[in-house]
Amino acid sequence: TSTYSSPAKSLGDPGITPLSPSHIAKDSDADDAVEQLFLVVVAIDFGTTSSGYAYSFTKEPECIHVMRRWEGGDPGVSNQKTPTTILLTPERKFHSFGYAARDFYHDLDPTESKHWLYFEKFKMKLHTTSNLTMETDLTAANGKKVKALEIFAYALQFFKEQALKELSDQGGSDFENTEVRWVITVPAIWKQPAKQFMRQAAYKAGMASPENPEQLIIALEPEAASIYCRKLRLHQMIDLSSRAPVNGYSPSDTIGTGFTQAKEHIRRNRQSRTFLVENVIGEIWSELEEGSDRYIVVDSGGGTVDITVHQIRLPEGHLKELYKATGGPYGSLGVDYEFEKLLCKIFGEDFIEQFKIKRPAAWVDLMIAFESRKRAAAPDRTNPLNITLPFSFIDYYKKFRGHSVEHALRKSNVDFVKWSSQGMLRMSPDAMNALFKPTIDQIVQHLSDVFDKPEVTNVKFLFLVGGFAESPLLQQAVQSAFGSSCRVIIPQDVGLTILKGAVLFGLDPAVIKVRRSPLTYGVGVLNRFVEGKHPPEKLLIKDGTRWCTDVFDKFISADQSVALGETVTRSYTPAKPSQLVIVINIYSSEQDNVSFITESGVKKCGTLRLDLTGTDASVPNRREIKTLMQFGDTEIKAMAIDVATSKSVKVGIDFLNY
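Next up, the structure:
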């Protein structure tokens, strides 16, 4: 049973009962707000491991500008995006973000650095916290806790200021926040509270406000990728079925320079890169037949892998989501985690734990060194990969254990990892590939499960996008598992796919037409008690009428198609005609078939309180209360109207504060 007491039995919480017959009116265009005119759309791809932004002026939507090059940057890692790291001063004030945060933290003296608060890879916390609230904490590298909402707001504020500064520099005059439409991308598999949390953080960062919510769009990462992929021309992608993947580049290119610059028509513009997006549907889409052909977008990033199945609706090329987003925490972080396990196996878990706490900056260094080698892993690689151990690792290990790192490696029974005389860990390609295996196996397994679903047939293309899609090991695994049943395609500049798609989405939000509802929504009502049908403990006798309490009256089921902006309406009447205050509680559940609000997993996520005191007494004895729910981008609004007097009350569905 749930913690909520029966709404009808609790005092002063008056019940409602459905007016039969319950009818649904679909009314999609009645409530279209007047489109605001923004001069520019700025999209922020807030990633687990790296983040970035891109923008486009509404006057020339065919040009997408990707943010300026960042200072800093690592060898062997292309830095169109910046690491998602943030540093606060010992007084908990924002200090820096990205490479700047990492390098500053790294240069601090160890006696000082333990007072500074350094955060990395903190986005995963929103995915893994089951009861996320505005009060949820994040833990810094030194073990101190800070409210997650503050950290996310600081990060978004940093991007807001960077973007406005770049726009002002380009235009030569100050750019106002009011002229910008912001788009923030989140994984589709995130639960509703996490999506709402991101919106709250953006409000705190001053990007938009509850009074002006349409200034901010929360876009789903695979949808953004999907929008960009539709525009791809054949020269802008790699079809894995037709050639061997070599790190996403043709072998003649040196790794790291990216694709031949001539192919992407790039205009250099004060270090920012501009991509021209032709206003067409790419050739590949013309092969998709409307209504029957499907495509899958696999968005594999640092933290999560998101899988979405779409089908195209011609002629405008609108997208329709066919199967609700699935996935899980199978991002490239899993590879880092395996590397950490390997280090624990060689040097002892007790040492690694201590080292992380006592020398946090050196640990960050070691993971940076690993990152660049991780990117050099490839299926056909034969020469070993060397990972430099920071001096303080070698030094601290000797103090901790009383013998050398070299001794530990000789003594450990890990075959594939040797000590090289230059002070490096030397890993055989097999050892490196073994670190990828668990994560890649999970992705392939998960994809197989999706392909087995009855809704998922006729899949023509599989688009592999996101930062982890740059990995030749992942490319090869996906190609060999699914290449026979569909074409596996990787857009060029695959790490920027989501960012570019998010800009296109901000320019034309109407392109996504149908989504699957991730939850079942409904309200708590009283129904006439039916012997034999209703459980006896739900019986409530009120003024001689026998009621069944706690009934969950469904508005929409989990996994049901819902068009964006669609409104679902139900009509109710007060259980007691003389009632003047009407309280409607809104509930959600991940289950499809919910009968009572007391079932486990049912959560309250909104209350509509309609006060009818002082209204004219000559209303009909069965007063009609209309209740509407409108499904927006990641927001849902509810409204109750007293039909006789047109009195109404509105509420946004809230997953964080109940």
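Following my numbering, the numbering of the sequence shown begins with 66 at its first residue and continues without gaps.
Glycine included, C-beta positions come from ideal geometry on N, C-alpha and C.
Could you spell out the range, first to last residue, of the beta strand (DSSP E) harbouring residue 695?
-> Following the DSSP letters along the chain, one finds residue 695 inside the beta strand (DSSP E) bounded by residues 690-696.
Could you check where the beta strand (DSSP E) with residue 551 kicks off and where it finishes?
-> Residue 551 -> no beta strand (DSSP E), and no H or E assigned at all.
In three-state terms, what does DSSP make of residue 498?
-> helix
Please report how far the alpha carbon of residue 237 lies from the alpha carbon of residue 226, in whole angstroms.
-> 16 angstroms
Between residue 128 and chain D, is there a C-beta pair that is closer than 8 angstroms?
-> Absent from the structure: chain D. Only one protein chain is present.
For residue 568, does the count of other Cβ atoms within 10 angstroms reach 16, so buried, or fall short, so exposed?
-> Buried, since its Cβ has 16 or more Cβ neighbours within 10 Å.
Residue 673 versus residue 367 - alpha carbon distance | 40 angstroms
Just checking, does the stretch 608-623 make contact with the stretch 581-592 on the three C-beta pairs under 8 angstroms criterion?
-> yes
Taking only the alpha-carbon atoms, compute the straight-line gap between residue 612 and residue 647 and give it to the nearest angstrom.
-> Each residue's alpha carbon lies about 17 angstroms from the other.
So, residue 151 versus residue 108, is the Cβ gap smaller than 8 angstroms?
-> no
From which residue to which residue does the beta strand (DSSP E) around residue 483 run?
-> 482-485
Have a look at 689, 497, 669 and 678 and flag the residue whose alpha-carbon is nearest the alpha-carbon of residue 717.
-> The shortest C-alpha separation from residue 717 is found at 669.
Please list the segments of the beta strand (DSSP E) lying wholly inside the stretch 140-221, counting only runs of 3 or more residues, in order along the chain.
-> 150-153, 159-162, 182-185, 202-204 and 210-212
Compute the Euclidean distance between the alpha carbons of residue 195 and residue 575, then round it to the nearest angstrom.
-> 32 angstroms
Limits of the unbroken beta strand (DSSP E) element including residue 668 | Its beta strand (DSSP E) spans residues 668-676.
Span separating the alpha-carbon of residue 466 from that of residue 654 = 52 angstroms
For residue 491 versus residue 502, is the C-beta spacing smaller than 8 angstroms?
-> Not a contact, by the Cβ cut-off of 8 angstroms.
Taking the C-alpha atoms as reference points, what is the distance between residue 457 and residue 187?
-> 25 angstroms
Going straight from the alpha carbon of residue 112 to that of residue 132, what length do you get?
-> 15 angstroms
For residue 362, the first and last residue of its enclosing beta strand (DSSP E) = 359-365
Along the chain, which unbroken stretches of the beta strand (DSSP E) at least 3 residues long are found entirely within the stretch 401-480?
-> 450-453
For residue 621: DSSP bridge partner residues = 586
Thinking C-beta only, is residue 180 closer than 8 angstroms to residue 155?
-> Cβ atoms of residue 155 and residue 180: closer than 8 angstroms.
Confirm, please, whether the CB-CB distance from residue 424 to residue 175 is below 8 angstroms.
-> Yes.
Hey, out of 543, 177, 83 and 517, whose CA is closest to residue 554's CA?
-> 543
Between the stretch 414-423 and the stretch 438-454, do three or more beta carbon pairs fall short of 8 angstroms?
-> no
Whole-angstrom Cβ separation of residue 564 and residue 117, contact assumed at under 8 angstroms?
-> 6 angstroms
Going by the beta-carbon positions, is the gap between residue 705 and residue 649 smaller than 8 angstroms?
-> yes
If you draw a straight line from the C-alpha of residue 468 to the C-alpha of residue 438, how long is it?
-> 27 angstroms
Just curious, the alpha helix (DSSP H) that residue 538 is in, first and last residue?
-> Taken as a continuous stretch (DSSP letters only), the alpha helix (DSSP H) holding residue 538 covers 537-547.
Give the straight-line distance between the Cα atoms of residue 124 and residue 104, rounded to the nearest whole angstrom.
-> 7 angstroms
Just tell me which of 184, 627, 199 and 128 has its CA closest to the CA of residue 721.
-> 199
Span of the beta strand (DSSP E) around residue 111 = 105-111
Is it a yes or a no for the stretch 245-254 touching the stretch 203-214, going by three-plus beta-carbon pairs under 8 angstroms?
-> no
Start and end of the alpha helix (DSSP H) containing residue 285?
-> Taken as a continuous stretch (DSSP letters only), residue 285 belongs to no alpha helix (DSSP H), being part of the beta strand (DSSP E) at 281-285.
Report, in whole angstroms, the separation of the C-beta atoms of residue 259 and residue 191, which I expect to be a contact under 8 angstroms.
-> About 4 angstroms; that satisfies the 8 angstroms criterion.
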